[in-house]
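J.:
Chains as they are written, first to last, in my numbering: chain H, 2 to 244; chain C, 2 to 244.
1. Please work out which residues of its chain come closer than 8 Å, Cβ to Cβ, to residue 175 of chain C, disregarding the five sequence neighbours upstream and downstream, and give them in chain order.
2. Determine the direct distance from the alpha carbon of residue 56 of chain C to that of residue 88 of chain C, and round the result to whole angstroms.
3. Helix or strand or just coil, what does DSSP make of residue 136 of chain C?
4. Going by Cα to Cα distance, which pick from H:60, H:62, H:52 and H:39 is closest to residue 68 of chain H?
5. Which residues in the same chain as residue 76 of chain H place their Cβ atom closer than 6 Å to its Cβ, once the five residues preceding and following it in sequence are excluded?
6. If you follow the beta strand (DSSP E) that residue 70 of chain C is part of, which residue opens it and which one closes it?
7. Exposed or buried, what is residue 105 of chain H when buried is set at 16 or more other beta-carbons lying within 10 Å of its beta-carbon?
8. Identify, in the order they occur along the chain, each residue of the same chain with its Cβ nearer than 7 Å to the Cβ of residue 150 of chain C, setting aside the five sequence neighbours on each side.
9. How long is the line joining the alpha carbons of residue 169 of chain H and residue 114 of chain H, rounded to whole angstroms?
10. Apart from the five residues just before and just after residue 47 of chain H, which ones in its own chain have a Cβ nearer than 8 Å to its Cβ?
11. When the Cα atoms are used, what is the spatial distance from residue 177 of chain C to residue 79 of chain C?
12. Could you spell out where the beta strand (DSSP E) holding residue 276 of chain H opens and where it closes?
13. Let me see if you follow: with CB-CB separation under 9 Å, is residue 204 of chain C close to chain H or not?
14. Does the beta carbon of residue 73 of chain H come closer than 9 Å to any beta carbon on chain C?
15. Applying a beta-carbon distance threshold of less than 9 Å, which residues of chain C neighbour residue 14 of chain H?
16. Would you kindly work out how many angstroms separate the C-alpha atoms of residue 146 of chain C and residue 118 of chain C, rounded to a whole number?
17. Of all the alpha helix (DSSP H) runs that stay within the bounds of the segment 150-218 of chain H, which reach a length of 4 or more residues?
18. For residue 110 of chain C, would you say it is in contact with chain H, using Cβ-to-Cβ distances shorter than 9 Å as the test?
19. Mind listing which residues of the segment 162-173 of chain H have their C-beta closer than 8 Å to chain B's C-betas, in chain order?
20. Examine chain C for any beta-carbon lying closer than 9 Å to the beta-carbon of residue 180 of chain H, and answer yes or no.
21. Assuming residue 231 of chain H and residue 35 of chain H make a contact with CB atoms under 8 Å, what is their CB distance in whole Å?
22. Go through its chain and collect everything with a Cβ distance to residue 21 of chain H's Cβ below 7 Å, but skip five positions before and after it.
23. Please say whether residue 182 of chain H and residue 326 of chain H have beta carbons closer to each other than 9 Å?
24. Taking all protein chains shown into account, do 16 or more other C-beta atoms lie within 10 angstroms of the C-beta of residue 82 of chain C, making it buried, or fewer, making it exposed?
25. What does the Cβ neighbour count give for residue 241 of chain H, buried or exposed, with the cut at 16 atoms within 10 Å?
26. Quick one: which chain C residues come within Cβ less than 8 Å of residue 184 of chain H?
27. Report the residue ranges of all beta strand (DSSP E) runs contained in full by the segment 36-61 of chain C; include only those spanning at least 3 residues, in chain order.
28. In the DSSP assignment, the beta strand (DSSP E) including residue 6 of chain H goes from what residue to what residue?
29. What does residue 191 of chain H touch in chain C if you count any residue whose Cβ is under 7 Å from its own?
30. Mark residue 11 of chain H as exposed unless 16 or more other C-beta atoms lie within 10 angstroms of its C-beta, in which case mark it buried.
31. Give the straight-line distance between the Cα atoms of residue 244 of chain H and residue 32 of chain C, rounded to the nearest whole angstrom.
32. Measure the beta-carbon distance from residue 227 of chain H to residue 125 of chain H and round it to whole angstroms, keeping in mind my assumption that it falls under 8 Å.
33. Would you kindly report the start and end of the unbroken alpha helix (DSSP H) that includes residue 90 of chain C?
34. Within the same chain, show all residues whose beta-carbon is closer than 8 Å to that of residue 19 of chain C, passing over the 5 residues directly before and after it, in chain order.
So this is what it looks like as structure tokens:
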């Protein structure tokens, strides 16, 4: 299996995606939050790029909630921020959320040429690994995987790269990697016993702590909590259903 | 000291360079070759972006040699490729070389806004570390360092990142790093006992081996061979002279 890891949105070289599974990772916090929202009964998440686009989208999807952040904080007038703890069953159960974040939703939109787009985080890693095995053992329609780390403000982000490394490490040894994939695996192996500390000490981690989101970091760096694989279908993010 | 590491040319976010020392790294092979050329008596290296620019430049610098590569091989009609072993004293002694490579010379030109640009590689690491200490202990005119990994074809490159990690690790503990700097340090620490193997197994390493350049890899991954700090002065790369 061939796996190529990209460092951030804005990557100067996006590979050919038309025959690849893209797995988007934004540990702090978009993909962790999307997984949580779906686990808590959210009907679907609609990723958009700007708050203006979110407001326009709601006109066509009445009853939807608006979620997202700019500079890590909830957008004025929105119903939900980008903390997974905002997406509780009482708020999101049975409803659509239109979501815009600085990095994660942009990476999802940048992947639109791919036939299949999933979202990974530490909290749903085990389910992602099982789903990858299922996808690649039974069929040959996909040529490989592009792991698209959303990064932070178009820059390499250690939490996302560690998460990519955990995914690669969990998929076994018969894998052909680009250099960033190899680096991600090495970084994960040297960090797996103190993941939360590494993430807390990253640039994005420190920023979230300074804003009072330490609890988000502990949650987002805990592997294998929720058995969910979010997938993009017709522009919306929903559960990947059984095959 | 603040150190920010960039992954490749084409990086979507180049930081403010006007008050930074930029250290360009292209282990395979531009910065290793530049160090070697200067050690072997080359008068100066003129970095240019294209072979056409190299030919034009020679009109104004008669007697200069043309050096560089495309797709790792010597450019047709040029005097020298991009292998450090091409830059022997009998060829380059007392002469200027006009150099164009796919990644390294581009990273140098992308750094042009900085007041000081040096070139690092494993082979001159010790001299770079000494020069950084000298520069930052005696004066405060620079705010920090940007380590500009040239990368490979606009992508993250493990050899360059390991070299950045060795530099950071050698500079001590009082350093503020971006996430890629922290990753580089972790990668170096987990690889320092088998640097050559890691570099041989990188995407660029494998390509050079397939083209018969294995000897280049062994040489370029050997730390602290040559006591030279190449610096850009008036568009040319020369030795950094004593202070």
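All residues carry an ideal CB built from backbone N, CA and C; glycine is no exception.
T.: This is what the structure gives:
1. As a working note, residue 175 of chain C is residue 174 in the second chain. If we look at residue 175 of chain C and ignore the five residues flanking it on each side, its Cβ neighbours are 2.
2. For this step, residue 88 of chain C is matched to residue 87 along the second chain. For this step, residue 56 of chain C is matched to residue 55 along the second chain. Taking the Cα positions, residue 88 of chain C is about 19 Å away from residue 56 of chain C.
3. For the purposes of this step, residue 136 of chain C is identified with residue 135 of the second chain, where counting begins at 1. DSSP places residue 136 of chain C in helix when its eight states are reduced to three.
4. Taking the first chain and counting its residues from 1, the one referred to as residue 68 of chain H is at position 67. Residue H:52 is the option with its Cα nearest to residue 68 of chain H.
5. Looking up residue 76 of chain H in the first chain gives position 75. Cβ within range, chain order: 52 and 69.
6. As a first step, residue 70 of chain C must be located in the second chain, where it is residue number 69. 66-71 is the span of the beta strand (DSSP E), which, as asked, contains residue 70 of chain C.
7. Taking the first residue of the first chain as position 1, residue 105 of chain H is located at position 104. Its Cβ being crowded by 16 or more others within 10 Å, residue 105 of chain H is buried.
8. Within the second chain, the letter at position 149 stands for residue 150 of chain C. Cβ within range, chain order: 6, 7, 8, 9, 26, 158, 161, 162 and 165.
9. Residue numbering aside, residue 169 of chain H sits at position 168 when the first chain is read from its first letter. Residue numbering aside, residue 114 of chain H sits at position 113 when the first chain is read from its first letter. Between residue 169 of chain H and residue 114 of chain H, the C-alpha separation is close to 23 Å.
10. Residue 47 of chain H sits at position 46 when you count from the first residue of the first chain. Sequence-distant partners of residue 47 of chain H (beyond 5 residues in either direction) whose C-beta falls short of 8 Å from its own C-beta, in its chain, are 58, 62, 65, 97, 98, 99, 100, 236, 237 and 238.
11. Within the second chain, the letter at position 176 stands for residue 177 of chain C. Within the second chain, the letter at position 78 stands for residue 79 of chain C. Residue 177 of chain C and residue 79 of chain C: Cα-Cα distance of roughly 43 Å.
12. Since the displayed chain H opens at 2 and closes at 244, residue 276 of chain H lies outside it and no answer follows.
13. Translated into the one-based positions of the second chain, residue 204 of chain C becomes position 203. By this cut-off, residue 204 of chain C is an interface position.
14. Working through the first chain from its first residue, we reach residue 73 of chain H at position 72. Answer no: the Cβ-Cβ gap between residue 73 of chain H and chain C never drops below 9 Å.
15. Position 13 of the first chain, counted from the first residue, corresponds to residue 14 of chain H. Correct list: 9, 11, 154, 155 and 156.
16. Here residue 146 of chain C refers to the residue found at position 145 when the second chain is read from its first residue. Here residue 118 of chain C refers to the residue found at position 117 when the second chain is read from its first residue. For residue 146 of chain C and residue 118 of chain C, the distance between alpha carbons rounds to 10 Å.
17. 159-171, 180-192, 196-201 and 204-211
18. One-based indexing of the second chain puts residue 110 of chain C at position 109. So, not an interface residue.
19. Reference to chain B is not applicable here, since the protein chains of this structure are H and C.
20. Taking the first chain and counting its residues from 1, one reaches residue 180 of chain H at position 179. Yes, because at least one Cβ of chain C sits closer than 9 Å to the Cβ of residue 180 of chain H.
21. In the first chain, counting from the first residue as 1, residue 231 of chain H sits at position 230. In the first chain, counting from the first residue as 1, residue 35 of chain H sits at position 34. The pair is a contact, with the Cβ atoms about 5 Å apart (cut-off 8 Å).
22. By 1-based counting over the first chain, the position of residue 21 of chain H is 20. Cβ within range, chain order: 115, 143, 144, 145, 146 and 147.
23. One cannot answer for residue 326 of chain H here, as it falls past the ends of chain H, which runs 2 to 244.
24. In the second chain, the residue the question calls residue 82 of chain C occupies position 81. Buried is the call here.
25. As a position in the first chain, residue 241 of chain H is number 240, starting the count at 1. Here residue 241 of chain H is buried: its Cβ has 16 or more other Cβ atoms, across all protein chains shown, within 10 Å.
26. As a position in the first chain, residue 184 of chain H is number 183, starting the count at 1. Near residue 184 of chain H (Cβ distances below 8 Å), the residues of chain C are 157, 159, 162, 184 and 188.
27. 45-48, all fully within the segment 36-61 of chain C.
28. Within the first chain, the letter at position 5 stands for residue 6 of chain H. 3-7 is the extent of the beta strand (DSSP E) around residue 6 of chain H.
29. By one-based count along the first chain, residue 191 of chain H stands at place 190. Ordered by position in chain C, the residues that pass the 7 Å Cβ test against residue 191 of chain H are 187 and 191.
30. As a first step, residue 11 of chain H must be located in the first chain, where it is residue number 10. Counting Cβ neighbours within 10 Å, residue 11 of chain H comes out buried, since at least 16 surround it.
31. Locating residue 244 of chain H in the first chain gives position 243, counting from the first residue. Locating residue 32 of chain C in the second chain gives position 31, counting from the first residue. Residue placement at residue 244 of chain H is poorly supported in this model, since its pLDDT is 44, which falls under 50; the coordinates still yield a value, given next. Taking the straight line from one Cα to the other gives about 52 Å.
32. Indexing the first chain from 1 puts residue 227 of chain H at position 226. Indexing the first chain from 1 puts residue 125 of chain H at position 124. Rounded, the Cβ-Cβ distance is 5 Å, consistent with contact.
33. Residue numbering aside, residue 90 of chain C sits at position 89 when the second chain is read from its first letter. Residue 90 of chain C -> alpha helix (DSSP H) spans 90-93.
34. As a first step, residue 19 of chain C is located in the second chain; it is residue number 18 there, counting from the start. Contacts found: 114, 115 and 116.
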